[in-house]
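Residue numbers (my numbering): 111 to 913.
Listed below in structure tokens is the structure:
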């Protein structure tokens, strides 16, 4: 209450007034008490004098009737229903015992807030429209089951590819209760019970997943996205679904469970409000973090925060502070993920406000009363939190419930912040417009009074659905959302700098580099560039990295004559062009583009390293003039024959996995070749290797070879990979004894591997000099998978991996 009379003495005491503070446009006129749970505010509204009187501002004092003080509760202290009928309170300080102390009255109209007098029928129909919108767009149980079945099938496929158990956990909107029919599916990948030795970081794991999904028939358009959290993005071939896979995203899993727990507290209103708020934000142009506004997740956090702050009866509790004991803390990646696991649904039903009351209250709270300049929007505690110093530069702060040092609104600048508040103010006026329902009905040729008499005042489901779309359309402002502004990050850079790293800054364009002409190494990875320009002045540049952008054409590089390293992988390039002037270019990466033909390299005779994997190339040609080329990578293309390699006498490494090869041929001129990878093809026979006298590493994994023959052609080999072929006879494997230098062999996932329990022991008998078998030392005993690795295992493994 804004006026509190002390009842400790039966003496009659008056009520005196104090000047009311002027409300600032940037936030609330008062601050919440630090106890958080009392429901009273301190600071600006009430003061106590020497006589024990509690004073109140003139703006809240209506009239004094003798010993009765009649006051109006401020709007932000009212429960959501008060936005329809404002509260008026009366206090009597002279009574004691069982006599009346307090009474709350309600008025029928508030001149200060005309929207609170919304007609009853408007409120009913708008609430029905919101509920029908949720029913038409919510994620149904059958669709959720299909997502889980899809994840299980992919889990089995990845487990078979990696040779260990893979677990895929779904998180995000498909599991937290706020999902819609067209939402993406987010999955977190982990290994059980522990990751394999090669899974050293998320980048390496996600690249392996992207390659493995090429063979999964239900996944199409898969691509690796090297963002802050590396992901693999793909579409389902038999469902209208897009999905992302990340590695060990444990905090996101706990966030999903927390939001789902909140939905259990109010299953009738919270999911409806969440889906409606997300749809409203998208329609209003303020629901995409990539465009400088807020993500759907941030809007859900804002909604839950508001429902926790509703007075006098909050709709939702703060689960992270309920019954919280220190010994119950659970830490994941250094963050406490504890929350109350039990549900009291009856508690949320104490506030009987409808969804339209709550939504209008949500808009009014954030458009008018919340103090963005000093407070943080958070759902951890009911107590309002002040901005830490490091967040004072942000116009808006939304704290993640677990990762509390992460601001979900850090991408919102001042123009976008102003636009978000104006959208909420505009939408509040739309939803409280008395003429809204009449305008909608008139579009169908109905008179309001006639419609109410004929249809008993309520719309049917079809009309309610269209009414919801009508409401969302009305919320769209004429003024367009501001374009996200990106600052020139080279403005204050030292002129003498020679290396500049601008990785993952969401840069839309390249600035002029007049102030930094001496840069030799420039990295612009993981940005949003669509065009290469403004690099003409960097004549000293030797290394340029444009990996993972949205570039469609190689251009404007003519002046960069000293460039030796160029990486434009993971873009949208369709042709190799625009690099003829780069005479000193030694290393070129064009992985994961849309290139269909090898061309445009006639002038780049200094090339030593060429990577064109994961494109659409069908034929190897136009490479004969690259006499200095040492390493060539053409994996994951559409190549059917090995040809066009004449003249590459200096080639030492050739990689052609994931193509359509059936025969090993065209390698006779590559006498200096040391490493050859032909995995994931359709090869049936080992042949055509007789001229490769220097070969010491041969990868034929994932083919259809049935017999081991012609081993005399690769007698000097030290590493042989034959995983997942068709070997089923021990007699064939005896030919491996001809390989005197063989140190590492991979034979797992063959029929002989699956059928014979003594597989490892027999392989050790056939090849006593072997050091590594299927990625593990040969000294491992059969049937003892939990024994400790030898001290030098990882050193040996890394050396062989490097080979």
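Every residue, glycine too, gets a C-beta built ideally from N, C-alpha and C. The structure presented is a predicted model; accordingly, all values stated were derived computationally and were not measured.
Close Cβ partners of residue i (< 6 Å) along its chain, the five nearest in sequence each way excluded
i: residue 722; result: 700 and 744
i: residue 236; result: 466
i: residue 522; result: 506
i: residue 411; result: 489 and 508
i: residue 653; result: 631 and 675
i: residue 530; result: 396
i: residue 778; result: 801
i: residue 335; result: 341 and 343
i: residue 884; result: 856 and 858
i: residue 659; result: 637, 639 and 681
i: residue 238; result: 574
Residues sharing a beta bridge with residue i, DSSP
i: residue 248; result: 290
i: residue 309; result: DSSP, once it has assigned bridges, lists no residue as partnering residue 309.
i: residue 445; result: 442
i: residue 856; result: 831
i: residue 486; result: 495
i: residue 887; result: 882
i: residue 357; result: 299
i: residue 677; result: 655 and 699
i: residue 277; result: 300
i: residue 809; result: 787 and 831
Residue i, enclosing alpha helix (DSSP H) - first and last residue
i: residue 690; result: Element bounds for residue 690: n/a, residue is neither H nor E.
i: residue 385; result: 380-394
i: residue 577; result: 571-584
i: residue 531; result: 524-541
i: residue 410; result: 406-419
i: residue 786; result: Segment 785-787 is the beta strand (DSSP E) holding residue 786; no alpha helix (DSSP H) there.
i: residue 466; result: 465-474
i: residue 876; result: 869-876
i: residue 842; result: 840-843
i: residue 863; result: 861-865
i: residue 457; result: 455-458
Same chain, Cβ closer than 7 Å to residue i, neighbours up to 5 away in sequence not counted
i: residue 302; result: 275 and 277
i: residue 817; result: 842
i: residue 844; result: 876
i: residue 449; result: 368, 371, 429 and 430
Exposed unless 16 or more other CB atoms sit within 10 angstroms - verdict on residue i
i: residue 888; result: buried
i: residue 500; result: exposed
i: residue 861; result: exposed
i: residue 381; result: buried
i: residue 812; result: buried
i: residue 318; result: buried
i: residue 867; result: exposed
i: residue 547; result: buried
i: residue 442; result: exposed
i: residue 471; result: buried
i: residue 870; result: buried
i: residue 590; result: exposed
i: residue 409; result: buried
Nearest-angstrom beta carbon gap, residue j and residue i [assumed within contact, 8 Å]
i: residue 661; j: residue 642; result: 6 Å
i: residue 793; j: residue 772; result: 6 Å
i: residue 709; j: residue 683; result: About 12 Å separates the two Cβ atoms, so there is no contact after all.
i: residue 616; j: residue 638; result: 6 Å
i: residue 240; j: residue 586; result: Between residue 586 and residue 240 the Cβ distance is about 17 Å, and since that is not below 8 Å, they are no contact.
i: residue 423; j: residue 374; result: Between residue 374 and residue 423 the Cβ distance is about 18 Å, and since that is not below 8 Å, they are no contact.
i: residue 758; j: residue 780; result: 7 Å
Opening and closing residue of the beta strand (DSSP E) in which residue i lies
i: residue 831; result: 829-831
i: residue 366; result: Element bounds for residue 366: not the beta strand (DSSP E) but the alpha helix (DSSP H), 360-375.
i: residue 477; result: Taken as a continuous stretch (DSSP letters only), residue 477 belongs to no beta strand (DSSP E), as it is neither H nor E.
i: residue 544; result: Unbroken run through residue 544: none, as it is neither H nor E.
i: residue 341; result: 341-346
i: residue 329; result: 329-335
i: residue 765; result: 763-765
i: residue 742; result: 741-743
i: residue 633; result: 631-633
Same chain, Cβ closer than 8 Å to residue i, neighbours up to 5 away in sequence not counted
i: residue 293; result: 249, 282, 283 and 284
i: residue 881; result: 853, 854, 887, 888 and 906
i: residue 815; result: 793, 794, 795, 796, 832, 835, 836 and 837
i: residue 393; result: 582, 583, 585 and 586
i: residue 135; result: Low local confidence applies: a pLDDT of 36 at residue 135 is under 50, so the model's placement there is unreliable, and no value is given.
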